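Q: In UniProt numbering, the protein residues as written are 1 to 179.
All C-beta atoms, glycine included, are put in the ideal place defined by N, C-alpha and C.
As the structure is a prediction and not an experimental result, all values here were calculated from the model.
The structure's right below; bear with me while I get my questions together.
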């Protein structure tokens with residue numbers, strides 16, 4: 001049994017092989033914020049397409065340290081053997097963290113996006129397997145209340161992912177037949 005759960009999300013300069021992490025949020029299984037950081041990229045000076053979505057401008061991170069300045073503490077947090085890492089499209093976040101200098105080797109991972117896709121079972125002929133749903137669609141399905149936050153913020157998305165993860169792990173009542 002794994003001792004703790006870490007749910008995390010990033011906002012990035014994009015999704016290509018030279019893109020980097022701009023923000024990272026990590027919460028534990030109770031929703032307590034462990035990391036809510038903003039970081040300056042080292043290779044990019046502008047990200048207009050990503051900025052339209054995540055609303056993070058170059059000026060907002062100009063005075064921030066690069067995420068690699070926190071490498072030791074983040075790798076220690078993510079790679080603890082008794083930890084389950086939970087994310088929405090977790091492979092993307094792990095890849096972008098690696099591109100930014102944070103190496104995650106912990107194999108204990110749960111992808112809420114994949115689990116929700118398997119739960120909904122809507123075929124995806126283009127990709128094969130089941131349709132991938134956006135976090136906002138998953139959150140809507142479970143009636144998540146975003147409160148005063150908006151999707152596409154690392155902490156807001158992390159809390160929504162935790163909520164969806166918890167909802168998906170609740171026992172489901174099934175009526176038992178007497179015959």
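Assuming residue 11 is part of the alpha helix (DSSP H), what are its boundary residues?
A: From DSSP, residue 11 is part of no alpha helix (DSSP H) but of the beta strand (DSSP E) over 4 to 12.
Q: Which runs of the alpha helix (DSSP H) spanning at least 4 residues fall entirely within the region 93 to 178, listed in chain order?
A: Complete alpha helix (DSSP H) runs here, min 4: 112 to 120, 135 to 141 and 154 to 168.
Q: Within the same chain, show all residues whose beta-carbon is closer than 7 Å to that of residue 117, passing over the 5 residues directly before and after it, in chain order.
A: Excluding sequence neighbours, residue 117 sits near 130, 131, 132 and 133.
Q: Can you tell me the Cα-Cα spacing of residue 54 and residue 170, whole angstroms?
A: Looking at the two C-alpha atoms, the distance is approximately 31 Å.
Q: Let me make sure I understand the geometry here. Which of 127, 45, 90 and 105 has the alpha-carbon closest to that of residue 82?
A: That would be 105, whose Cα lies nearest to the Cα of residue 82.
Q: Does the distance from the C-beta atom of residue 13 to that of residue 50 stay below 9 Å?
A: Cβ distance < 9 Å, so residue 13 and residue 50 count as in contact.
Q: Tell me the DSSP secondary structure of residue 59 in three-state form.
A: If DSSP states are grouped into helix, strand and coil, residue 59 belongs with the helices.
Q: Tell me whether residue 100 is buried or exposed, calling it buried when 16 or more other Cβ atoms sit within 10 Å of its Cβ.
A: Per the 10 Å Cβ criterion, buried.
Q: Tell me the rounded alpha-carbon separation between residue 72 and residue 125.
A: Each residue's Cα considered, the two are about 42 Å apart.
Q: Please report the distance separating the alpha-carbon of residue 122 from that of residue 61.
A: Taking the straight line joining both Cα atoms gives about 39 Å.
Q: Put residue 69 into one of helix, strand or coil per three-state DSSP.
A: DSSP places residue 69 in helix when its eight states are reduced to three.
Q: From the DSSP output, which residues share a beta bridge with residue 25?
A: Answer is 9 and 36, bridged to residue 25.
Q: I'd like to confirm the pairing. Which residues does DSSP put opposite residue 74 in its beta bridges?
A: The partner list for residue 74 (beta bridge, DSSP) is empty, contrary to what the question assumes.
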